[in-house]
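Sequence order for the protein chains is W and L.
According to full-length UniProt numbering, the stretch in the first sequence is residues 1 to 122, in order.
According to full-length UniProt numbering, the stretch in the second sequence is residues 1 to 897, in order.
Here is the structure we will look at.
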Amino acid sequence: MDKRVLLIEDEPNIIEAIRFILARDGWRVDTHADGTTAFDRVAETRPDIVILDVMLPGRSGFDILRDIRADAGLGGLPVLMLTAKGQVKDRDLAERMGASRFMAKPFSNTEVLASVRELTGA
Amino acid sequence: MIAFDMLVAICLFYVAILFGVAFLAERGGRRGSNAWLRSPLVYTLSLSVYCTAWTFYGAVGYAARSGLEFVTIYLGPTLVLIGWWWTLRKLVRIGKTQRITSIADLISSRYGKSNMLGVIVTLIAVVGTTPYIALQLQSVTLSFAVFAAAGAPGPWQLVDLNAAAFSVAIGLAVFTVFFGTRNLDANERHHGVVTAIAVEAVVKLIALLAVGIFVVWGIGGGAQATLDRIEASPLAGMPVAPGRWIGLTFLAGAAILTLPRMFQVLVVENEDERHLATAAWAFPGYVFLMSLFVVPIAAIGLAEMPPGANPDLFVLTLPLAQGRDGLATLAFLGGFSSATSMVIVAAIALSTMVSNHIVMPLFLHWTRSGATMSGDVRTLVLRARRLSIGGVLLLGYLYYRLTGGSEALAEIGLISFAGVAQVLPALLGGILWRGATRAGALAGLTVGFSLWAYTLFLPSFGEGAVMSAGLLADGPWGIGWLRPQGLFGLDGLDPLVHAVVFSMGANALAFTLVSLFDFPGPMERLQAAQFVNVFDHSPAGQGWSQGRAEAEDLLLMAQRILGADDAQRLFQRAAADQGKQGYLPDTTPEFLRGLERKLAGSVGAATAHAMVGQIVGRSSVSVEDLMKVADETAQMMEYSSQLEAKSEELARTARQLREVNEKLTELSVQKDAFLSQISHELRTPMTSIRAFSEILMEDDALPPERLADYSRIIHQESMRLTRLLDDLLDLSVLENGQVSLHPQPVSLSDLLDRSVAAAGGRSGRAPMAIRRDPAAERVDLVTDGDRLSQVFINLVSNAQKYCDAADPVLTISVTEVEGRVAVDFVDNGSGIPDRSQSIIFEKFSRLSDPRKAGGAGLGLAICREIMVRLGGSIVYLPGRGGAAFRVTLPSRCAEAA
């Protein structure tokens, strides 16, 4: 096992919650809070899955997603998108841009865990 | 019996008085004093120049011969004056705006400044007026003769009478030259002349009334007895001929408009348009008084005087026969006044016309270099005018000598009336009908004047004088239907009516037809618009093309006509109006127009136009001028401007709709953004709450410290949610204006104390120093203290949250700015970047990362709303070192402590 998740999220309490849920399930969780450097972090850590918040300081989650999808080496990386806006058009946009899954906050812990497992084929 | 020498002496004395009056009035007018000089009374009295010796003596003769028919001579003018609003007002207004100098000038100016027309009207006027002047000379000599005959016979023979007529003519010429040509500008009123004429008007009225009263009560034996004698006299049986009545009334009405002397006093000498309103009733009143005793004098004269006595002289001979020398002398002075005033004004009017339309154009023609020639045009014009006066009087005298003074007075007057009335169609058409053209006016005048000469004027000299008896009886070359007094076989008509019908009819017909088929030139159309629509656009005039004229040449020319002082003043003022120094303005079309009009006042429109034209090169009618010309154009312009207004309105509505739409779209976008923001702000804490509560629910094996941590997070986030909801509700209430304020007296320092305490400290960081100035804070306010402190708390806690200095310091200072109390909150941090300063007061505009903020970004938005509600303001003060906010308190809530 020992799969790695990169959580890109800026709310400290939410980071803490997700880290706890996934760590409990045996995931290794890296976190990153800044939008501008998020893509570099993805490229650098090469996780099995990225959990990506839409509203990030410095850069939008959608932009980061686009970069990931455009990158030859990272193109197929599963990305679970989280958003607190939860509007239909955000979901559409996320799917169009190639998000593997889109979840609105507040999410259910089990759902997050199930999605991560499913997307990584674990 | 009064001695003839005595009469001459009285006469000379009277003339001397007139000179004195004229001189004083002239001096008064020059000084601008003597308000009564410009009164409607003087204007009305000057109109009485209509009542000449012909009316003074002749009316009685007329009544003795034809009964009441003489009334028509007064009826015509009365009708015209009563209807002054219709025509006279327009004539006077045109005369003023166009600086018209004479009736010839008016016609010439109206029809495109055609000098040809000016010449024709001048000739008509001279030909029509000369017999009339002769008539006046005749009446004066006849009245002299009455005294001569009544006095010692012998020394006073016909030769002496002719000499008397000649000396009267000379005397009148001197007077007229002296007072009539002082000013060059005919628009400057001849105060002296007009006043002298007003005095003469009074003298002749008093004289005629005195004679009348004497005749009725002195000879006739009272009013009733006189009426009985009138009933018994041949006058009562005299038939009224409707044809002659209508014809004569028409002629007299036309005469008051077209007689050069009447035009002179009515239009040129008019001081104020409003005087017409007075004259409209006062002049008919004067005329009524003048005619009041005509019939009694005629009736009693016929009864009392020996058969064969000239009824034209009853006014004089009746008192003489009764031995009333004093009354006779007064009557003589009345007749003398009537004659002299007519001659003087007629001579002024004619000389202006002759010099402006004949002498000056000829002079300009001969000296091609025109206005730039050496010499003073001013002296030339004045000399021309003086010579013209002499010439006019000389013509009158010659006519008098030629006709031998044989005609009955009334007939000569009527012949003159009919002659000058030929100008009427061109005059009325010119001011009332825009379609009237120069060619039409020329045709009408030529046809009418020729017919008048053929049917009335030439036959009036008597058989064999100009026309042979055969021609009069059988027509030229024996063609019967061309007989001068029986055109087309119309024999039954009175010769005068016959002449009037044919000449005026043909005149009007030719004028109308030619005008209809003629196409007017641009200048004509322009002037037509100016004249016919004088009440619509009084200023403006014909166009000059810009700039070709040399201002200096124009000044040289103007100096010669207006005199150096006046011309320089005119140019200097024009230059000043253009914002230039000195005497040489730019020769703009406006300036040229004004200059030409000013010159027109001196030398007439046509000549002025020609003179300016010689320097400027050519006149032009601009497109814009032409646009003004046609009524149709004006209407089209109005219509199109209405359309324009409508389409403008549509555009305005469309613009408003677009704006509203933009605003709605913007609002919708804002609403979406707001909802999205709210969603985000609500969901974020809820996410933590849900995630941790699920953890707490599911995980029984949670270590106690984790349990405590997570519970605290849930609590924190719940608090955050509550705060957010509170803020949202607060903002919503503030924005919707539903907030109720509770103004009450508060002290600023108390509020600040409270606010600083409520803002709390900085958790886990070095405490922030807060500097205040207690003295300045001693301000008493009447405001909602809770709301104001909400603002203060927000600012203080913001400073505590965001101030990034190592030793954070917040300075709260109170100052007075423009009479209002301002509270500044300035910290020593790095402040707010320029680009963000404009958005910090917007909702959810949180600059830093939310972990530090702990708020939803509504604080400053709420502050701004509160301050708006309180009537004050909150602004960010850039360049104060750190973050700096200024809260300005509304003036009404600040009261000096």
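For every residue, glycine included, the Cβ atom is placed at its ideal position computed from N, Cα and C.
Hey, is residue 419 (chain L) close to the ligand GTP, as in C-beta under 7 Å from one of its heavy atoms? Summarising the ligand content, the structure contains no ligands, and the ligand GTP is consequently not present.
**OP:** Could you confirm whether any beta carbon from chain W is found closer than 8 Å to the beta carbon of residue 759 (chain L)?
**Re:** no
Does the beta carbon of residue 830 (chain L) sit closer than 8 Å to a beta carbon anywhere in chain W?
no
List, from N- to C-terminal side, the alpha helix (DSSP H) runs of 4 residues or more that fit wholly inside the region 739-782 of chain L. 748-759
Kindly say whether residue 683 (chain L), judged by its beta-carbon, lies nearer than 8 Å to any beta-carbon of chain W. yes
**Q.** Residues in the region 53-77 of chain W having any Cβ partner in chain L nearer than 7 Å
**A.** 55 and 57
### Message
Is there a C-beta anywhere in chain W that falls below 8 Å from the one on residue 880 (chain L)?
### Response
no
- Task: Pull up the distance between the alpha-carbon of residue 83 (chain L) and that of residue 19 (chain L), whole angstroms please.
- Result: 35 Å
*Is the CB of residue 20 (chain W) under 8 Å away from at least one CB in chain L?*
yes
Problem - For residue 122 (chain L) and residue 453 (chain L), the rounded distance between their alpha carbons - result: 15 Å
**Item:** Cβ pair residue 138 (chain L), residue 343 (chain L) closer than 8 Å
**Value:** no
- Query: How about residue 695 (chain L): is its C-beta nearer than 8 Å to some C-beta of chain W?
  - Reply: yes
> So residue 140 (chain L) packs on residue 168 (chain L), CB below 8 Å; how close in whole Å?
Replying inline: 5 Å
For residue 273 (chain L) and residue 437 (chain L), the rounded distance between their alpha carbons:
27 Å
Report task. Within its chain, find whatever has a CB closer than 7 Å to the CB of residue 898 (chain L); leave out the 5 residues flanking it on each side and keep chain order. Result -> Residue 898 (chain L) lies beyond the range of chain L shown here (1 to 897); nothing can be said about it.
Open item on the list: Quick check: is the beta carbon of residue 853 (chain L) nearer than 8 Å to any beta carbon in chain W?
Closed with: Model confidence at residue 853 (chain L) stands at a pLDDT of 48, short of 50, so the residue's coordinates are unreliable; what they give is reported in the following sentence. Answer no: the Cβ-Cβ gap between residue 853 (chain L) and chain W never drops below 8 Å.
### Query
Residues of chain L with a CB under 9 Å from the CB of residue 14 (chain W): which are they?
684, 687, 688 and 691
By the three-class DSSP mapping on this structure, what secondary structure does residue 240 (chain L) have?
coil
- prompt: Is the shortest distance between the beta-carbon of residue 715 (chain L) and the beta-carbons of chain W less than 8 Å?
  reply: no
* **As assigned by DSSP and simplified to three states, the class of residue 67 (chain W)** => helix
Test: residue 680 (chain L) CB closer than 8 Å to a CB of chain W: yes
Note to self: Strictly under 8 Å for the Cβ-Cβ distance: is residue 3 (chain W) near chain L by that measure?
What the structure shows: no
Practice item. Give a yes or no on whether the C-beta atoms belonging to residue 8 (chain W) and residue 54 (chain W) are separated by under 8 Å. Key: no
Item checked: Sub-8 Å separation of residue 876 (chain L) and residue 832 (chain L) beta-carbons -> yes
Beta-carbon proximity list for residue 585 (chain L), same chain, < 7 Å, skipping 5 on both sides:
551, 571, 574, 575, 578 and 591
Q.
Residues in the same chain with beta-carbon distance under 8 Å from residue 745 (chain L), minus the five sequence neighbours each way, listed in chain order, please.
A. 780, 781 and 782
Handout entry: Residues, ordered as in the chain, of the region 91-108 of chain W that lie near chain L by beta-carbon distance below 8 Å
Key = 104, 105, 106, 107 and 108
Checklist entry - From what residue to what residue does the beta strand (DSSP E) around residue 324 (chain L) run? => result No beta strand (DSSP E) contains residue 324 (chain L), which DSSP labels as neither H nor E.
>> Can you look up residue 813 (chain L) in the DSSP assignment and give me helix, strand or coil?
In response: strand
- Message: Let me see if you follow: with CB-CB separation under 8 Å, is residue 936 (chain L) close to chain W or not?
- Response: Since the first residue shown for chain L is 1 and the last is 897, residue 936 (chain L) is missing from the structure and cannot be characterised.
So residue 752 (chain L) and residue 792 (chain L) are in contact, right, with Cβ under 8 Å, and what is the actual spacing, rounded?
-> 6 Å
Would residue 106 (chain W) be called buried (16 or more neighbouring beta carbons within 10 Å of its own) or exposed? buried
Between which residues of its own chain and residue 349 (chain L) is the CB-CB distance below 7 Å, once the five residues before and five after are set aside?
102, 260, 261, 263 and 264
Applying a beta-carbon distance threshold of less than 8 Å, which residues of chain L neighbour residue 118 (chain W)? Those do not exist, as residue 118 (chain W) stays about 19 Å from chain L at its closest Cβ, beyond 8 Å.
| field | Nearest-angstrom beta carbon gap, residue 799 (chain L) and residue 810 (chain L) [assumed within contact, 8 Å] | value | 5 Å
Backbone CA spacing between residue 859 (chain L) and residue 794 (chain L) [nearest angstrom] = 6 Å
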